[in-house]
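K.L.:
Same order as they appear, the protein sequences are chains A and B. For the first sequence, the numbering used here begins at 919 and goes up steadily by one. For the second sequence, the numbering used here begins at 919 and goes up steadily by one. The beta-carbon is built from N, C-alpha and C at its ideal position, and this holds for glycine as well.
Protein chains: 2
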Amino acid sequence: MGGMATAERRAQPARVDATRNRERIIAAAREAFVEHGPTVPLDAIAHRAGVGNATLYRHFADRHELIHVVASYSLARITEQAESALAEETDAFEALRRFVHRAADERVGALCSLLYEGFDKNDPHVIDARVRMEAVVTELMDNAREAGQLRSDVGIGDLMVAITQLTRPIAGTACAHVERFMHRHLQLLLDGMRAPARSELCGTAATFEDFETT
Amino acid sequence: MGGMATAERRAQPARVDATRNRERIIAAAREAFVEHGPTVPLDAIAHRAGVGNATLYRHFADRHELIHVVASYSLARITEQAESALAEETDAFEALRRFVHRAADERVGALCSLLYEGFDKNDPHVIDARVRMEAVVTELMDNAREAGQLRSDVGIGDLMVAITQLTRPIAGTACAHVERFMHRHLQLLLDGMRAPARSELCGTAATFEDFETT
DNA sequence: CAGGAAACGGGGAGAAGATCTCCGTTTCGT
DNA sequence: ACGAAACGGAGATCTTCTCCCCGTTTCCTG
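(1) Given that a residue counts as buried once 16 or more other Cβ atoms are within 10 Å of its Cβ, and exposed if not, what is I1074(B)?
(2) For A1113(A), I'd like the list of residues in its chain whose CB is within less than 7 Å of its CB, leaving aside the five on either flank, ordered along the chain.
(3) Taking 8 Å as the limit between beta carbons, can you name the residues of its chain near H965(A), skipping five residues before and five after?
(4) R1025(B) bridges to which residues according to DSSP?
(5) Would you mind sorting R938(A) into buried or exposed? The rule is 16 or more other CB atoms within 10 Å of its CB.
(6) For a test of the three-state rule: what should DSSP assign to L1068(B), helix, strand or coil?
(7) Using a beta-carbon distance below 8 Å, is A1113(B) in contact with chain A?
(8) Of all Cβ atoms in chain A, is any one closer than 8 Å to the Cβ of A1219(B)?
(9) Count the CB pairs spanning the region 951-968 of chain A and the region 1003-1018 of chain A that are closer than 8 Å, and state whether there are at least three.
(10) Between T1031(B) and P956(B), which are expected to be in contact by the criterion C-beta below 8 Å, what is the C-beta distance as a whole number of angstroms?
(11) Can you give me the start and stop residues for the alpha helix (DSSP H) that H1101(A) sits inside?
(12) Just the Cα atoms here: how many angstroms apart are D1060(A) and V1049(A)?
(13) Can you check whether the C-beta of A981(B) is within less than 8 Å of a C-beta belonging to chain A?
(14) How do the region 997-1005 of chain A and the region 943-957 of chain A stand: do at least 3 beta-carbon pairs fall below 8 Å, yes or no?
(15) Apart from the five residues just before and just after I985(B), which ones in its own chain have a Cβ nearer than 7 Å to its Cβ?
(16) Residues of chain A with CB under 8 Å from I1088(B), in chain order?
(17) Given a threshold of 16 other Cβ atoms within 10 Å of its Cβ, counted over all protein chains shown, does G1110(B) qualify as buried or as exposed?
(18) What residues in its chain sit with their C-beta under 6 Å from that of A1124(B), if we drop five residues either side in the sequence?
(19) With 16 other CB atoms within 10 Å as the buried threshold, where does C1093(B) fall?
(20) In the structure shown, what three-state DSSP assignment does G968(B) receive?
(21) In angstroms with no decimal places, state the Cα-to-Cα distance between L1029(A) and E1007(A).
(22) Quick check: is the beta carbon of S1070(A) nearer than 8 Å to any beta carbon in chain B?
(23) Excluding five sequence neighbours on each side, which residues of the same chain lie with their C-beta closer than 8 Å to the C-beta of R942(A)?
(24) Are the CB atoms of S992(B) and V1026(B) nearer to each other than 8 Å?
(25) Taking the alpha helix (DSSP H) that E998(B) falls in, what are its first and last residues?
(26) Which bits of chain A does S1117(B) rub up against, with CB to CB less than 7 Å?
Shown next, in the form of structure tokens:
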């Protein structure tokens, strides 16, 4: 039932204000998910988008569908950032560094909604997008590792989880502007990931499977 | 009105089960605040503590008072950890490292409740505890910096905010056990903070004043 | 530029969940 | 063993979120 709205919409050319509002809602939802988590009130998203709540419900059947769309968007944009960094940067670690900071700007934290309780983790499109992203980022890391620039004991899970955590708004504060600090913290993390390793890491890197079992 | 319950309690020696339950509630609240933020349902805290909800309301007039107590507890314990690391470790950076990991174990993330909207930031006791902690941690960092082990462009705000962020539960997941990864991430961060600096940091470190203005 | 269809926004009903109290029962201290 | 204090569960009240209704506005087409 959820996917119908989207399908019907493509059938006939939508009005320009409709598509514009749709984009606004998605952008607002991405921000809101990052700031308050996947359970943020839908009315709050509508308000942030500058539209009435009915408009949101007209475009998206329920929270489930909205999360699905936002997650797909974010996955795609993160992947794009990784691909362009991979293609355009000559230095392997610099490519990784660029990706990390761009991913932060793209609000990679919105992907936390992927882990929402009611989210369909088995959707083919999502799986495909996730695998693609995983592949590109892994390539970024492998390149840096083979170039002797990245320590060998860090995995993709370390990177993605740490980015997500460091780019979230500080808990309890409405708008304490993590943007001011997160790039510093990311830079410190990256420096810590440089080879040669300055210490030994305990445990193992996170994998996507670690989050499957809710 | 909030502080009365605590004051009255100290007047006469409380029953052992009462004090025991009080401790349990505080511990449960600390965990719950870290996991779900300062707005977690009070009934959920009571349930987690293994007591009836009425018992919670008997000990703490409202959420405000509970947060106050938990924050004070956490501040004190973090400070203790910093002090013992300072006193017992000979190597300056090792002292800092030890503090960071212990602070993570002590759920420093509970301090996010300090930033809760209705929290009284001007309470003299809280200010005093915060200043004390700030002083000890600053000393830890200064020592490491003077020993040439800590890069000079990181501040206490970088450390505290990053710890808080990295030790929070991953958004959207009920219990994805950050414990498994957070020590890895903290270690990477610490490695990145080691001297000599491997890159240049942008911006400036966070200060407590940055969070005053809500 | 005018007619009609589609989209919009605000308000509010209904449902879900959180807060906090009442009161019969249990546990502690003397 | 007795009285006082604390406990726990159930439920009344209040808040908050969801989602629909319907009068109004905006956009496309001829």
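P.N.:
Checking against the coordinates, here is how it stands:
(1) Along the second sequence, one-based indexing puts residue 1074(B) at 156. Flag for I1074(B) reads buried.
(2) Numbered from its first residue, the first sequence carries residue 1113(A) at position 195. G1066, Q1067, L1068, R1069, listed in sequence order.
(3) Translated into the one-based positions of the first sequence, residue 965(A) becomes position 47. Once the five neighbours on either side are set aside, the close Cβ partners of H965(A) are N971.
(4) Taking the first residue of the second sequence as 1, we reach residue 1025(B) at position 107. According to DSSP, R1025(B) bridges with nothing at all.
(5) Within the first sequence, residue 938(A) is the residue found at index 20, counting from 1. So R938(A) counts as exposed.
(6) The sequence position of residue 1068(B) within the second sequence is 150, counting from 1. In the structure shown, L1068(B) sits in a strand (DSSP, three-state: E or B).
(7) Taking the second sequence and counting its residues from 1, one reaches residue 1113(B) at position 195. Taking Cβ atoms only, chain A never reaches closer than 8 Å to A1113(B), which makes this a no.
(8) Only positions 919 to 1132 of chain B appear in the structure, and residue 1219(B) is not among them; the question remains open.
(9) no
(10) Taking the first residue of the second sequence as 1, we reach residue 1031(B) at position 113. Taking the first residue of the second sequence as 1, we reach residue 956(B) at position 38. According to the sequence provided, residue 1031(B) is Ser. The question's Thr does not apply to it. The pair is a contact, with the Cβ atoms about 4 Å apart (cut-off 8 Å).
(11) Stepping through the first sequence from its first residue, residue 1101(A) is reached at position 183. 1097-1111 is the extent of the alpha helix (DSSP H) around H1101(A).
(12) In the first sequence, counting from the first residue as 1, residue 1060(A) sits at position 142. In the first sequence, counting from the first residue as 1, residue 1049(A) sits at position 131. D1060(A) and V1049(A): Cα-Cα distance of roughly 16 Å.
(13) Along the second sequence, read from residue 1 onward, the residue named residue 981(B) stands at position 63. The residue you asked about is not Ala; residue 981(B) is Arg in the sequence shown. For R981(B), the answer is no, since every Cβ of chain A falls outside 8 Å of its Cβ.
(14) no
(15) For the purposes of this step, residue 985(B) is identified with residue 67 of the second sequence, where counting begins at 1. Cβ within range, chain order: P956, S1031, Y1034, F1037.
(16) One-based indexing of the second sequence puts residue 1088(B) at position 170. Those within 8 Å of I1088(B) in chain A are C1030, L1033, V1079, T1082, Q1083, F1129.
(17) Taking the second sequence and counting its residues from 1, the one referred to as residue 1110(B) is at position 192. Flag for G1110(B) reads buried.
(18) The residue given as residue 1124(B) occupies position 206 in the second sequence. Within the same chain, A1124(B) has close Cβ partners G1075, V1079.
(19) Walking along the second sequence from the start, residue 1093(B) turns up at place 175. Interpretation of C1093(B) is limited by its pLDDT of 49, a score under 50 that renders its predicted location unreliable; the figure taken from the coordinates is listed afterwards. It is exposed - the Cβ of C1093(B) has fewer than 16 other Cβ atoms within 10 Å.
(20) Position 50 of the second sequence, counted from the first residue, corresponds to residue 968(B). Of the three classes helix, strand and coil, the one that applies to G968(B) here is coil, per DSSP.
(21) To locate residue 1029(A), count along the first sequence from 1; it is residue 111. To locate residue 1007(A), count along the first sequence from 1; it is residue 89. Distance between the alpha carbons of L1029(A) and E1007(A): 25 Å.
(22) Residue 1070(A) sits at position 152 when you count from the first residue of the first sequence. Taking Cβ atoms only, chain B never reaches closer than 8 Å to S1070(A), which makes this a no.
(23) The count along the first sequence starts at 1 and reaches residue 942(A) at position 24. Once the five neighbours on either side are set aside, the close Cβ partners of R942(A) are A967, G968, V969.
(24) Counting from 1 along the second sequence, the entry for residue 992(B) is found at position 74. Counting from 1 along the second sequence, the entry for residue 1026(B) is found at position 108. Yes, Cβ-Cβ distance for S992(B) and V1026(B) is below 8 Å.
(25) On the second sequence, position 80 is the one that residue 998(B) refers to. 981-1006 is the span of the alpha helix (DSSP H), which, as asked, contains E998(B).
(26) Taking the second sequence and counting its residues from 1, one reaches residue 1117(B) at position 199. Q1105, D1109, listed in chain order.
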